[in-house]
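Novice: Sharing a structure here in structure tokens format.
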Amino acid sequence: MSTAELQAEIRRRSGRNKALQRRYEKLSAKMEALRKEIAASGGAVVGGGGRATNELSLVDSLKKVLTGKTLGVSQAADAVLATGYMTTSPNFRTIVNQTFIKHRNKFKKVSRGRYTAV
């Protein structure tokens, strides 16, 4: 490709990007108008699934669960979920294990795969 062809392609994509941005802004305005209309009629807009919000972070929840106990990774994950901790992770056990490894100052490895709070 020549330099002129590359510059023409850049201009074409830039124009396409601007057109898409305008279209996005128009659709966003329409959605906002619909939200207001639904709210005015007493309804509620159901949003998409968002991130779970928890009172305590995973580290704090694990520390609370492990204080005075020694648990395996799966047991700790189940115990945290039993306290009401919400997650959408399909691999929550792995997240718990990564948390133990990352926060060595807060969790002590007692034996292979078993941890306690420091």
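Note that the working numbering has the sequence shown beginning at -4, numbered continuously upward. Here a beta-carbon is modelled for each residue, glycine too, at the ideal position from N, C-alpha and C. Treat the numbers as computed from the prediction; the structure is a model and nothing was measured.
1. Return the chain-ordered list of same chain residues with a C-beta closer than 7 Å to the C-beta of A39, the five sequence neighbours on each side being excluded.
2. Using CA atoms only, rank isn't needed, just tell me which of A(-1), H98 and G10 is closest to D55.
3. Which whole-angstrom value is the C-beta distance of V75 and G108, which I expect to be below 8 Å?
4. Using a Cβ-Cβ cutoff of less than 8 Å, which residues in the same chain neighbour M58 once the five nearest sequence positions on both sides are dropped?
5. Looking at the strands, I want to know which residues DSSP matches up with G37.
6. Since T78 is in the alpha helix (DSSP H), which residue starts that stretch and which ends it?
7. Look at the alpha carbon of A106 and the alpha carbon of T48, and state the distance between them as a whole number of angstroms.
8. Could you give the residue range of the beta strand (DSSP E) that holds V105?
9. Near T94, which residues of its chain fall below 7 Å by C-beta distance, leaving aside the five closest residues on each side in sequence?
10. Going straight from the alpha carbon of G79 to that of V60, what length do you get?
11. With respect to the alpha helix (DSSP H) encompassing T65, which residues constitute its N-terminal and C-terminal limits?
Specialist: Quick look at the numbers:
1. As a working mapping, residue 39 is identified with position 44 in the sequence shown. Cβ within range, chain order: n/a, list empty.
2. For the purposes of this step, residue 55 is taken as residue 60 along the sequence shown, with counting starting at 1. It is H98 whose Cα lies nearest to the Cα of D55.
3. As a first step, residue 75 must be located in the sequence shown, where it is residue number 80. As a first step, residue 108 must be located in the sequence shown, where it is residue number 113. Actually they are not in contact, since the Cβ atoms of V75 and G108 sit about 16 Å apart, beyond 8 Å.
4. For the purposes of this step, residue 58 is identified with residue 63 of the sequence shown, where counting begins at 1. Strictly speaking, residue 58 in this sequence is Lys, with Met absent from that position. Around K58: K101, F102 and A112.
5. Position 42 of the sequence shown, counted from the start, is the residue given in the question as residue 37. Note: G37 sits in no beta bridge, so no partner.
6. In the sequence shown, the residue the question calls residue 78 occupies position 83. Premise fails: T78 is in no alpha helix (DSSP H) and is neither H nor E.
7. Mapped onto the sequence shown, residue 106 falls at position 111. Mapped onto the sequence shown, residue 48 falls at position 53. The sequence given here places Ser at residue 106; Ala does not occur at that position. Straight through space, the alpha carbons of T48 and S106 are spaced by roughly 32 Å.
8. Position 110 of the sequence shown holds residue 105. Element bounds for V105: F102 to S106.
9. As a first step, residue 94 is located in the sequence shown; it is residue number 99 there, counting from the start. Correct list, in chain order: L53, V54 and L57.
10. Here residue 79 refers to the residue found at position 84 of the sequence shown. Here residue 60 refers to the residue found at position 65 of the sequence shown. Whole-angstrom Cα-Cα distance: 12 Å.
11. By one-based count along the sequence shown, residue 65 stands at place 70. Element bounds for T65: n/a, residue is neither H nor E.
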